[in-house]
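Structure first, commentary second.
Numbering (the numbering used here), first residue to last: 25 to 196.
Put into structure tokens, the structure is as follows:
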């Protein structure tokens, strides 16, 4: 939080975007969506926290919103997250359903029993009202984002991303 204050006091025209996003990464292992995809696609069980809530936004939507914020000349602090809050367990179930995976592989568990070394807040819900009003539009929800995540998987996007990391992608 102090970093946000420092940025805005140094440059009042800056945008500080609090984000919580998902999508495909270069390594294929960095996002929660990839965690569930990687586990469920290989038939492995995955823990899903029933008591941690967040507002995930698909990374493509995040990029589009950030560009719109710049184009509108916005400044200040904005919650640039998805329109819907849900538990990490429910997020995993939605990933499973979209891909046709066995949602029974997702084990409902409390974050307290998750074995995480770093303590995290169980409530990562943020209001998007300020952003939605400033842009004059609705902010995409998780269902739209998961559908885009699925579409990219069907188009071979994860493999293409990994090829960039490995340096094997040919320029076109």
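All C-beta atoms, glycine included, are put in the ideal place defined by N, C-alpha and C.
These numbers come from a predicted model, not from an experiment.
- Counted as a single uninterrupted DSSP element, the stretch harbouring residue 163 is not any beta strand (DSSP E), since DSSP gives it neither H nor E.
- DSSP, reduced to helix, strand and coil, places residue 29 within a helical segment of the structure shown.
- Sixteen is the threshold: since fewer than 16 other Cβ atoms of the shown chains lie within 10 Å of the Cβ of residue 126, the residue is exposed.
- Taking 3 residues as the shortest admissible run, the region 43-103 contains the following complete beta strand (DSSP E) segments, listed from N- to C-terminal end: 70-73.
- Short of 8 Å from the beta carbon of residue 102, and not among the five residues preceding or following it, lie these beta carbons of its own chain, in chain order: 39, 40, 41, 42, 93, 154, 155, 158.
- Note: residue 132 is bridge-paired with 72 in the DSSP secondary-structure output.
- Between residue 81 and residue 44 the beta-carbon gap is near 6 Å, inside 8 Å, which marks them as a contact.
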